[in-house]
Amino acid sequence: MRPSLDEMDRITAAPPGTVQLHENTDKGDIEHLITVPGKSDVILQPQPSCDPNDPLNWSTWRKLVNFTIAALYTLWVYTILDIGTVAYSTWNAELGISYSNLSNAYACNTAALAVGGVILIPLTLKYGRRPVYLLTSLALTLSSVWMAKAGVVGDFIGSNLVSGLAGAVGDAIVQLTIADLFFTHQRGTMNGIYVLVVNLGVFAAPVASGYILTAQGWEWMYWYCVIFTGITFVAMIFFYEETKYTTPVINAIQSRQQTTTPDADKSPESNEKKYNLRTMDTNVTTPQNQQGGDWIDRSIPMNSYMQRLRLVSNTPCTLKEFTQMVFRPFIYLYCFPAVAYVSLQYGVILSLFAVVGNSQAAIFSLPPYNFKPSSIGLMSIPALIGAVFGSVYGGPLSDWLILVLAKRNNGIYEPEFRLYLCILPALLGPAGLLLYGVGATAGLPWIAPFCGIGLFGFALASVSNLSLVYLYDSYLDILGGTLVAVTVVRNGLATVIVFAFSPWVAGMGYRNTFILCAVLALIAMLTVIPMIIWGKTFRTKFADKYRRYALEDAASTSVRV
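Counting from 732, one number per residue, gives the positions in the sequence shown under the numbering used here.
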C-alpha cells in the first residue's frame, strides 16, 4: 500500500531538510523510492541517479579511497596550523620573539583562514574539488618549507598567512566531499571521522611535535610536514577523483519547486513524480527498481581513469554570477537562522580552544608546573581523548538516533533531531574551560586542568560535528556558500579572540579571562535550545528564498541538488 495523497503532499511540501528517511511500517512499502540495500525500511536521501558516475553510486572502496586522501589532507592542514604553539617558549628563548608577536602571527593565520574560504570555495564550486585540493596541498608544502627556515617575526607572519590561505578550504572542501559521496544516514559518522582527524591534527600532532622539538630541533617539526604533505600531494595527483557531479540541475530544482506547490495536480501519477524529489532527465533519472536492488543503469559508460582525474571540471558562468557566489554567503548569514547558529556554535568553540592552545606554553612553562616543551605537548592528550568520545557521540550515535526518531515520527526526519545531543556538551564545555583556566591559575595539580581540557575536547568534537551535519541536512543545495559563511565567522571570531587574549590577560589575569571565556561559551552553546524549538519554523518561513538561491547557485555551478 502506497502513502495516501495527503501524506505525499505533506512530505513534498515540507521545508528544506525535512525528508522521509524511514519507511512508515503502518503504510506499507514505498516502492518508488530507493532504499538501503539490505535495509528496505531505510530510504536513501538524497535519492541517487541511475548514472554509475554519480559519486553517490560509487563502490564503497572508491568512496573510501577518496575520503581517506581528503582526511589525510585535513590532518596535515591542522597539523601545520597548530603545532607551532609547542615551540613558543623555544622561539622566545632562541630567536627573541615575544609571546605577543607569536600570538599576533597566529591571529594572522586565522585571518587568512577567514579570507581564504571566501576566495577558494567559489572556485571549488566552479572548477571542481580536485584543482583546489592540489593547489592548496602544494601551498601548504611550500609554507612548511618557509616555516622550517624561519628566523624573524616576518617569516612567522608570512608563512602563517600562506598556510592560512591554503588551509582555509580544510574547513569546507572536505565537507563538500562528504556531501558529494555519502547519504543523510551516513553523514554523521563520516563527518565524525572528519572531526576526529581534525582533532588528531590539533591535539595529537603537538604531542609528537614536542618530542621532535626536544630530539631534533623545532625545524624538524616542519620538515616532517613537508614530507607528509608532499606525499599526500602525489597521492592526490594519481588517486583523488573529482566528486563534483554535473546533472541537469535546473530541471531538477524546477521540478522540485513545482512538486511543492500547494495547488499542484493531485492525480496519482503526478504525485508519484512529486514524491521522488530528485526528478532528473532520462539519462540520470531515479529508476523504478528500487527496493534495495541495483538501480544503476549499466548501459551508461563509466568515465575513464583520465576523465576521473581531469584537472578542471569547469562550469561556465558569467562574472556577475561568480561575484554573486563570492558575496552570497554573507546573505545566507542574514537570511537563514540555521547558518548563523552553526557559524556561532562552530566559531565560538573553536576560537576558545585556540585560546587554550595559545595559553598552555605561557602557563605550564612557569612554576608550579615548570613543564618542558615535550610535557607541554602532552597537555593535548586529554583533548584528543575527549575528541574521540565526542566524535562517536556526535557521529555514529547521532546517525543511530535520527533513524530511531524518524521511525517514531512516521518515517519523517527533521534536521533538529541531531541537536538534542548538543545539550550535554553545551554544559560540559564551559565547565571544562573553568576547570582548566581557574584550576591552572590556582596551581592545582596538573590532573585538574588535564581533565578540564578533556571535557572541552569532548564538547569541541561533538558540537562541531552535530552543528555541521545539521547544516548539511538543512541546506544541502547551497552547502558551499553556507560553509563559506561558517568559515568566515569561525575564523573571524578566532582572529578577534586571539588578538584580544593578550590584552585580556594583561588586564584581568588568566583566571578572570577564562571565567569570561566560559561564560561566552555557555551563552553561545545554549543557543541550541531555541534552534531545537523553532528550527523547523525558520526553515519553513524561509523555504521559498532558499529554493530561489538554490536555483541560482545551480545555474552557475551545476552542483547536485
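Idealized CB from N, CA, C, for every residue including glycine.
Endpoints, alpha helix (DSSP H) assigned at residue i
i, result
"L1186", "I1178 to S1205"
"G898", "V884 to G898"
"Y1297", "Look at the range of the chain in this structure, 732 to 1292, and you will see that residue 1297 is not part of it."
"E1052", "L1050 to C1066"
"Y1124", "I1112 to G1125"
"A903", "First-last for A903: undefined, no H or E at that position."
"H753", "Segment: none, H753 is in no alpha helix (DSSP H) and carries neither H nor E."
"T1046", "Counting along the chain, T1046 falls outside any alpha helix (DSSP H), and DSSP gives it neither H nor E."
"W792", "T791 to D813"
"G1108", "P1104 to L1109"
"G948", "G948 -> no alpha helix (DSSP H), and no H or E assigned at all."
"R918", "T915 to N930"
"P1161", "I1154 to T1172"
"R1039", "Y1036 to R1039"
Residue i to residue j span [Cα, whole Å]
i, j, result
"P1127", "M1256", "21 Å"
"F914", "Q947", "45 Å"
"M1033", "L795", "19 Å"
"A1173", "S875", "37 Å"
"L1134", "F1269", "23 Å"
"D1028", "P1180", "57 Å"
"T963", "S1129", "31 Å"
"V808", "C956", "9 Å"
"W949", "I814", "10 Å"
"M1262", "L907", "24 Å"
"F1102", "W822", "16 Å"
"T791", "V928", "20 Å"
"N1140", "Q917", "19 Å"
"D757", "W1131", "Reliability fails at D757, whose pLDDT of 49 lies under 50, so the model's placement of it is uncertain and no value is given."
"G1266", "Y1065", "15 Å"
"A910", "A802", "14 Å"
"L1136", "L1207", "21 Å"
"I1143", "S1205", "14 Å"
"G748", "I1209", "12 Å"
"Y1100", "L1159", "25 Å"
"V750", "E1145", "7 Å"
"L944", "M878", "14 Å"
"W1026", "I765", "8 Å"
"P1018", "H753", "Confidence is the limiting factor: at P1018 the pLDDT is only 48, short of 50, which leaves the residue's position unreliable, though a coordinate-based value still follows. Rounded to the nearest angstrom, the two C-alpha atoms are 19 Å apart."
"I1178", "P1161", "17 Å"
"L1150", "W951", "42 Å"
"D1242", "P1098", "One point to set straight first is that residue 1242 is Arg, not Asp, in the sequence displayed. Going by the C-alpha atoms only, they are around 16 Å apart."
"V900", "P862", "12 Å"
"R1041", "E973", "7 Å"
"V926", "Q1038", "31 Å"
"A1114", "M921", "20 Å"
Nearest to residue i (by Cα), restricted to the options the options
i, options, result
"L1214", "A1173, L1159, F1058 and L873", "F1058"
"V938", "I850, I1112, T908 and C781", "I1112"
"N891", "A836, V883 and T855", "A836"
"G1125", "L931, S780 and S1198", "S1198"
"F934", "S834, W1235, I1116 and P783", "I1116"
"S868", "V846, S894, G882 and L844", "S894"
"V1087", "L1042, Y1144, G1168 and L1247", "G1168"
"I811", "W789, S820 and N840", "N840"
"T1258", "P1068, I888, L944 and A1137", "P1068"
"A897", "L1164, F959, Y804 and C1048", "Y804"
"F1189", "F1120, F1245 and L806", "F1120"
"Y1203", "E1147, P1156 and C1048", "E1147"
"F887", "W1177, A838 and S1105", "A838"
"Y872", "G1108, F959, I1260 and Y971", "According to the sequence provided, residue 872 is Thr. The question's Tyr does not apply to it. The shortest Cα separation from T872 among G1108, F959, I1260 and Y971 belongs to F959."
"I1094", "F798, V817 and L775", "V817"
"D902", "F1230, M1239, P1234 and G1212", "G1212"
"N1045", "S1105, G859 and A745", "G859"
"Q1091", "L1109, L1247 and F1061", "L1109"
"F1187", "G1240, T1226, V1229 and F1245", "F1245"
"V1123", "S1193, V1073 and S1105", "S1193"
"K880", "G919, S831, L826 and L912", "L826"
"P1104", "I1154, A745 and G941", "G941"
field: Continuous alpha helix (DSSP H) assignments of at least 4 residues falling wholly in the region 818–873
entry: 819–825 and 830–858
message: Quick check on the DSSP output: what are the complete alpha helix (DSSP H) runs of length 4 or more inside the region 1199–1261, in order along the chain?
response: 1210–1256
Three CB pairs or more closer than 8 Å across the region 1238–1258 and the region 1076–1087: yes
- prompt: Does the region 832–849 come close enough to the region 1210–1225 to have 3 or more Cβ pairs within less than 8 Å?
  reply: yes
message: Does the region 1046–1055 come into contact with the region 851–868, if we say contact requires no fewer than three beta-carbon pairs (one atom in each stretch) closer than 8 Å?
response: yes
query: Should the region 1152–1172 be called in touch with the region 1182–1201, which here means at least 3 C-beta pairs below 8 Å?
result: yes
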